[in-house]
Amino acid sequence: MPLANAAEVYEILPTHKTPIAGKEADWIDGDYVLQNGELVAVIARPGSLRDANMTVRGVGACIIDLTRRDQMSDQLSCFYPGAGRYRFHDSESVQYGVRDDGEVFWRCRSSSSVANDGSYADLEYSLGENDHAVKVSLTVSGEKNTKVKPIDGVRADRTFDFVSLDSLSIAYCEDFHFRQTYGFKSLLSDQSADWSNDRMRQLRYGSVGLEELDDAYRWRTQIFPSANPTDLWGILKGGAAQKIRVLGAVGDQPRVRLTLLKAENGLKSNTWMVGEDGVCITHLPPGFYRLRIEAIGHDSKEVDLEVSDQPALHEFQVGKATSVRLTVTDEAGSGIPCKVTFFGKADQDRKTPDPVFGVDSQSGSVGNCVYSADGTILRSIPPGSYDVLFSRGPEYVVVIH
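Residues 2 to 402 in my numbering are what the sequence shown spells out, letter by letter.
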């Protein structure tokens, strides 16, 4: 649940780190943190040499880490205000602080434009005490700014899907497996932004998302971190955080999934995953919901969920499982590290498909392979017939059962 919601902004130092966690966390000392009780974001320190990694480069003044605090899973590579059209290399231009209403801000001015057209950009991030989103404002001024288009850039790679949802005036990207969704909503337009198909996905807000000022143009965006599209929808609708715990899943990483089948308030069907601990937190408006619970090797099960306007804990039992327990030992009978690969085989008129335990970027299991450090494996697996291959490395003999 949220911590004390007072917003704060500070520079990351050896004595003042950030609590952010997730596979894509890229912060270093000298970067800046915006946070409140709901979320935490990291802004990269402006500088010509500030890269997030070998492929995500030129990230000065960009948001490089962002996640909710109740389900930390940072998967964002980078949010580029202005889609990289302005360079932010001058760390001396950074200003940050707290306004009278408790909102914190961080701002800086670009050092140059990529087009070298004499224009410049003033960037500001802000976060209020109870905000569920970071607010971004980019103002373009200077000699040649008459062709300004309101465009931001996003690097969210590999396992992300990109969607524009007109019914909520929002564009979002979702990493289903690692349980992270980012929503982008213009503060100036009721239209959702369109996504490009480039590696740096461009968020194109259109002319209605552009505000004309005296000798300048500005666009403003909210960025919502959430666990999944249903959670994002619930946050936008003002729903309270509902903690759902699924009990009884067999083995490590059983990949429990919840599917919304019915909602009396018009929410469309969506599927999301719970964490390895069997828990997820999803914001939902008050009402009645019907969910389907599924996990590899388990019978599916449907349950009803009643939600009020207050946070609550809901516990459910997963369906009955079929499972396999294995122990791999050396000649002396001691457990050894190993990889176990399951291949579905033909049994009479039916071919058992290969199981899928996980995506290729997770640990512990990939595709139809399971890895064990001590030779003990307990997995839920769909009923069927399998050939099982045991291996340890090229210097060992493969065993097939």
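We treat Cβ as the ideally placed atom computed from N, Cα and C, and that holds for glycine.
Just the Cα atoms here: how many angstroms apart are residue i and residue j?
i: Thr323; j: Val41; result: 40 Å
i: Leu262; j: Lys269; result: 8 Å
i: Glu82; j: Tyr183; result: According to the sequence shown, residue 82 is Pro rather than Glu. Cα to Cα, the separation comes out at about 15 Å.
i: Phe163; j: Tyr397; result: 44 Å
i: Ser381; j: Val155; result: 37 Å
i: Asp66; j: Arg159; result: 17 Å
i: Trp234; j: Ile282; result: 13 Å
i: Ala217; j: Ile152; result: 15 Å
i: Leu4; j: Ser49; result: The predicted position of Leu4 is uncertain, since its pLDDT is 45 and thus under 50; no value can be drawn from it.
i: Ser301; j: Gln318; result: 11 Å
i: Tyr97; j: Trp28; result: 18 Å
i: Arg351; j: Ile401; result: 21 Å
i: Cys79; j: Glu175; result: 14 Å
i: Leu306; j: Gly279; result: 17 Å
i: His133; j: Ala7; result: 13 Å
i: Met2; j: Asn37; result: Any reading at Met2 needs caution, since the residue's pLDDT is 37, under 50, leaving its predicted position unreliable; the model's value is listed next. Each residue's Cα considered, the two are about 12 Å apart.
i: Lys136; j: His299; result: 42 Å
i: Ala374; j: Ala333; result: 17 Å
i: Trp196; j: Gly210; result: 14 Å
i: Ile21; j: Ile297; result: 30 Å
i: Ile44; j: Glu93; result: 15 Å
i: Glu12; j: Asp32; result: 6 Å
i: Val371; j: Met73; result: 25 Å
Could you please give the first and the last residue of the uninterrupted beta strand (DSSP E) stretch that includes residue i?
i: Thr342; result: 339 to 345
i: Val137; result: 135 to 143
i: Pro274; result: It should be pointed out that residue 274 corresponds to Met in this sequence rather than to Pro. Segment 272 to 274, the beta strand (DSSP E) holding Met274.
i: Gln243; result: 241 to 248
i: Arg110; result: 105 to 110
i: His315; result: 313 to 318
i: Val371; result: 370 to 373
i: Val389; result: 387 to 392
i: Gln223; result: 217 to 227
i: Val155; result: 152 to 156
i: Ile378; result: 377 to 381
Is residue i helix, strand or coil when you go by DSSP?
i: Val209; result: helix
i: Leu4; result: Unreliable placement is indicated for Leu4, whose pLDDT of 45 sits below 50; the coordinate value is still reported in the next sentence. Coil, per DSSP.
i: Ser94; result: helix
i: Leu261; result: strand
i: Ser1; result: No information on residue 1 is available, as it lies outside the stretch 2 to 402 that the chain covers here.
i: Ala84; result: helix
i: Glu125; result: strand
i: Phe179; result: coil
i: Thr1; result: The structure shown does not extend to residue 1, since the chain is modelled only from 2 through 402, so no value can be given for it.
i: Ala194; result: coil
i: Lys407; result: A question about residue 407 goes unanswered here, because the residues of the chain that appear run from 2 up to 402.
i: Gly252; result: strand
i: Ser364; result: coil
i: Ala322; result: strand
i: Glu396; result: coil
i: Val99; result: strand
i: Lys186; result: strand
i: Leu268; result: coil
i: Leu77; result: coil
i: Asp162; result: strand
i: Gly359; result: coil
i: Gly336; result: strand
i: Arg200; result: coil
For the alpha helix (DSSP H) containing residue i, name the first residue and the last one.
i: Ile236; result: 230 to 237
Problem set entry | Start-end ranges of the alpha helix (DSSP H) lying completely within the region 7 to 41, minimum 4 residues | As far as the region 7 to 41 is concerned, it has no whole alpha helix (DSSP H) run of at least 4 residues.
- Are the region 384 to 394 and the region 339 to 351 touching by the rule of at least three beta carbon pairs closer than 8 Å? The answer is yes - the region 339 to 351 touches the region 384 to 394, with three or more Cβ pairs under 8 Å.
Tell me whether the region 166 to 183 and the region 211 to 231 touch, counting them as touching only if at least three CB pairs, one residue from each stretch, are closer than 8 Å.
Segments in contact, yes.
Report task. Kindly provide the ranges of any beta strand (DSSP E) runs that are 3 or more residues long and lie completely inside the region 272 to 308, ordered along the chain. Result -> Entirely contained in the region 272 to 308, the beta strand (DSSP E) runs reaching 3 residues are, in chain order, 272 to 274, 280 to 285, 288 to 295, 302 to 308.
How do the region 110 to 125 and the region 86 to 102 stand: do at least 3 beta-carbon pairs fall below 8 Å, yes or no? Yes, they touch.
Stretch-stretch touch, CB-based, cutoff 8 Å, three pairs: the region 361 to 372 with the region 296 to 312: No: the two stretches stay apart, fewer than three of their Cβ pairs being nearer than 8 Å.
* At least 3 beta-carbon pairs within less than 8 Å: the region 196 to 204 vs the region 122 to 129 -> Judged by Cβ distances under 8 Å, the region 196 to 204 makes no contact with the region 122 to 129, as fewer than three pairs qualify.
Entirely enclosed beta strand (DSSP E) segments - the region 37 to 74, minimum 3 residues
Within the region 37 to 74, the complete beta strand (DSSP E) segments at least 3 residues long are 40 to 44, 64 to 69, listed from N- to C-terminus.
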